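Numbered according to the numbering used here, the sequence shown spans residues 31 to 519. Notes for the one structure printed next.
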Amino acid sequence: MQKLVIYNTLRRKKEEFAPINPPHVGMYVCGPTVYGEAHLGHARPSVTFDVLFRYLQHIGYKVRYVRNITDVGHLENDADTGEDKIAKKARLEQLEPMEIVQLYTLNYHDCMKALNVLPPSIEPRASGHIIEQQEYVQRILDSGFAYESQGSVYFDVEKYNKQHNYGILSGRNIDDMLSNTRSLDGQDEKRAPLDFALWKKAKPEHIMQWNSVWSKGFPGWHLECSAMGEKYLGKEFDIHGGGMDLMFPHHECEIAQSTAANGKSAVRYWIHNNMITINGQKMGKSLGNFITLQELFSGSHKILEQAYTPMTIRFFILQAHYRSTLDFSNEALQAAQKGMERLLQGYQTIQKLPVSVQSTVQVNELSTKCYDAISDDLNTPILISHLFVALKDIQAIAAGAATITQADKDVLEKLYRVFLFDILGLQSQADQQSNNSELLHTAIEMLLQARLDAKKNKDFAKSDEIRNTLTNLGVVIKDTKDGYEWSLA
Ligand code: ZN
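This is the structure we're talking about:
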C-alpha cells in the first residue's frame with residue numbers, strides 16, 4: 031500500500047499513517063452546526079477531508095467516514111452560557127428547531143454536492159443520540175471526573191489535570207488558562223471556571239430538552255462527538271479532523287471526556303485544517319465580509335466582482351496546503367479559475383495527442399512526483415504544480431516539438447484523470463454542465479407537478495401562474511391526457 035505521511039496535531043509532527051485495523055480506517059470529522067446557510071468557512075474542512083477520504087480509498091483503505099450534524103447543544107459563545115444557536119434561530123424565525131435543522135442541513139448538502147464533496151458513510155445528528163450521550167455522562171460521573179450541580183453535570187477539569195494533561199492537544203497550560211479566566215461570581219453552578227458542561231439543566235422556556243436522571247435538559251456541545259465517535263467507530267479510532275478553531279475547547283474537551291470515560295484517548299491522529307481569511311481579514315458578520323457559498327456561486331455579494339463556480343472554489347482551496355492560511359480575494363479566485371481551466375484543457379489535449387514509436391517525455395517520473403506530493407501530508411499545491419509542469423510537455427507534443435508512445439500516452443491520460451478527478455475531486459466542464467442540467471430538469475418537473483396538483487384542486491390562478499412563469503423562461507408546455515410534456519424552447 032502506498033505510504034501516507036500525515037501531520038498529527040497531537041504530537042506536533044508528521045507521522046506515517048498506520049491504522050489500528052487495516053485495511054479499515056475510522057475517520058470522524060466535526061460537521062456544521064446547522065443554524066444558518068453554509069458559508070465559505072464550511073468549504074475548507076469539507077474539501078480538505080474529502081481529499082483525505084478520496085486518497086485513503088484510492089490507495090486501498092476501506093474508510094468509514096463519520097461527519098456529524100450539530101443540531102442541539104452548541105451555545106452561542108461555544109461555552110456553557112448563551113442561547114442554543116439553533117433554538118435562537120428557531121425563536122427568531124418562529125419555526126420549530128427541527129425545521130431550522132432540516133432547512134440548513136439541505137442547504138449544506140446542496141453546497142457540498144456542488145463542491146463535489148462525497149457524502150460521508152454516516153451522518154449522525156446530536157439530537158438523535160441523546161441516550162448515548164447520557165450514558166457517556168454517567169460513565170464520566172462513575173469515573174469521578176464529573177459532578178452534579180443543581181441538575182447540571184460538569185467536567186472537573188482540575189481533578190482531571192492532576193492525573194492527565196488538559197491542554198495536551200492545544201498546547202495550553204492550565205495555569206495560564208486560569209489566569210485568563212474570570213473568577214466565578216458565587217452564583218455559578220460550576221466549582222471552577224475551566225469546568226465545562228456535560229449536561230445542562232434547561233430553563234422552562236428552552237425549546238429542546240430531554241428527560242434525564244439529573245434534570246430535564248440537554249447535552250453539552252463537546253459530548254456529542256465523543257458519544258457518536260464511539261458509537262460508530264469504537265472506543266479507539268484512527269482519525270479525527272476539523273478546523274483549527276475547534277482545537278480548543280472542543281477537541282481538547284473530547285480528549286478529556288474519552289480519557290475520563292474509557293481510561294484512554296479515543297483518537298490516534300488529530301488533523302486540523304487552517305482558517306480562511308477574506309482580503310486579509312477574518313470572516314465575520316460584523317465586518318461585512320461574511321459570504322455564504324450560494325452567494326459565491328451566484329456572485330451576489332457586494333465584495334464579489336463576479337460569480338465563481340463551485341469547482342473554482344474547490345481548486346482555489348486545494349492550491350494552498352491545508353495547514354496554511356488561505357486568503358480569498360477576487361484576483362486570487364480569478365487566477366485559480368484560469369489555472370484550473372488550463373489543467374482541464376490539458377486533459378482534453380492529452381486525448382488528442384499524436385503517438386510515436388518513441389517518447390521524449392518522462393511520464394513515470396511525473397507519476398512518482400505526484401504520489402510523493404499527495405503522500406506527504408496531502409501536499410496538494412505541490413501536486414498541482416507538477417501537473418502544471420507536465421502541461422508544457424503536453425503542449426510540446428501537441429505542437430510536434432516532442433513525442434510520446436501510445437503506452438506513455440495511456441499512462442499520462444490515466445495520471446491526469448486519477449489526480450484531477452478521483453483524488454482532487456475536480457469535475458470536467460462537461461460534468462459541471464450535466465450537473466446544472468440535471469438540477470434544471472428536476473426543478474421544472476417539480477413545478478409542473480405542482481401545477482398539475484393545483485389544477486386538480488381547481489386552483490387555476492396558481493396553475494396559470496406556474497405555466498406563465500415557465501413559458502416566460504422558455505419552457506414549452508404541452509398538456510396531454512395523462513398530464514404534460516415539456517421541452518426547452
Ligand atoms: Zn465535534
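Ideal placement from N, C-alpha and C gives every residue a C-beta, glycine not left out. All values derive from a computational prediction rather than experimental measurement.
- Take the alpha-carbon of residue 57 and the one of residue 399: they are about 27 Å apart.
- Within the region 458–493, the complete alpha helix (DSSP H) runs of at least 4 residues fall at 459–486.
- Straight-line measurement puts the Cα of residue 230 at about 34 Å from the Cα of residue 307.
- Secondary-structure assignment with DSSP links residue 311 through a beta bridge to 308.
- In this structure, the straight-line span from the alpha carbon of residue 76 to that of residue 250 is close to 24 Å.
- For residue 295, no alpha helix (DSSP H) segment is defined, and its DSSP state is neither H nor E.
- Measuring C-alpha to C-alpha distances from residue 511 to each of 482, 495, 497 identifies 482 as the nearest.
- For secondary structure counted as the beta strand (DSSP E) over 3 or more consecutive residues, the region 366–422 holds no complete run.
- In this structure, the straight-line span from the alpha carbon of residue 228 to that of residue 241 is close to 14 Å.
- Counting only heavy atoms of the ligand ZN, the residues whose C-beta sits closer than 5 Å to one of them are, along the chain, 60, 255.
- Restricting attention to 86, 272, 61, 70, the CA atom closest to the CA of residue 406 is found in 86.
- As a beta-bridge residue in DSSP terms, residue 516 pairs with 507.
- In the DSSP assignment, residue 357 forms a beta bridge with 307.
- Exposed is the label assigned to residue 452, since fewer than 16 other Cβ atoms lie within 10 Å of its Cβ.
- Spatial neighbours of residue 94 in its own chain (CB-CB distance under 6 Å, excluding positions within 5 residues in sequence) are listed in chain order as 56, 151.
- Under DSSP, the beta-bridge partners assigned to residue 36 are 45.
- Of all alpha-carbon atoms in 431, 362, 417, 367, the one lying nearest the alpha-carbon of residue 385 is that of 431.
- Counting along the chain, the unbroken beta strand (DSSP E) around residue 93 starts and ends at 92–97.
- Separation of residue 145 and residue 209 (C-alpha to C-alpha, rounded to the nearest whole angstrom) is 43 Å.
- In this structure residue 101 touches residue 157 by the C-beta definition: roughly 5 Å separates them, less than 8 Å.
- Residue 293 and residue 194 have their C-alpha atoms spaced approximately 10 Å apart.
- The region 57–74 makes contact with the region 306–323, as at least three CB pairs between them are under 8 Å.
- Taking the Cα of residue 441 as reference, the smallest distance to any Cα among 380, 419, 467 is reached at 380.
- Under the DSSP definition of a beta bridge, residue 231 partners with 247.
- Distance check between residue 434 and each of 382, 234, 179, 503 places 382 closest, using alpha-carbon atoms only.
- Secondary structure of residue 200 (DSSP, three-state): coil.
- Put simply, of 403, 259, 341, 335 the residue whose alpha carbon is nearest the alpha carbon of residue 166 is 259.
- Just measuring C-alpha positions, the residue of 124, 192, 299 sitting nearest residue 49 is 299.
- In this structure, residue 327 lies near residue 340, with their beta-carbon atoms less than 9 Å apart.
- Secondary structure note for residue 178: its beta strand (DSSP E) is the uninterrupted segment 176–179.
- Contact between the region 310–318 and the region 282–293 is not established, with fewer than three Cβ pairs separated by less than 8 Å.
- Residue nearest to residue 192 within the set 42, 286, 137, 342 is 286 (criterion: CA-CA distance).
- Remark: three or more beta-carbon pairs, one from each stretch, lie closer than 8 Å, so the region 33–46 and the region 403–421 are flagged as touching.
- C-alpha of residue 487 to C-alpha of residue 475: approximately 18 Å in a straight line.
- Comparing alpha carbon positions, the residue from 188, 389, 291 closest to residue 170 is 291.
- Residue environment analysis places residue 176 among the buried positions, since at least 16 neighbouring C-beta atoms fall within 10 angstroms of its C-beta.
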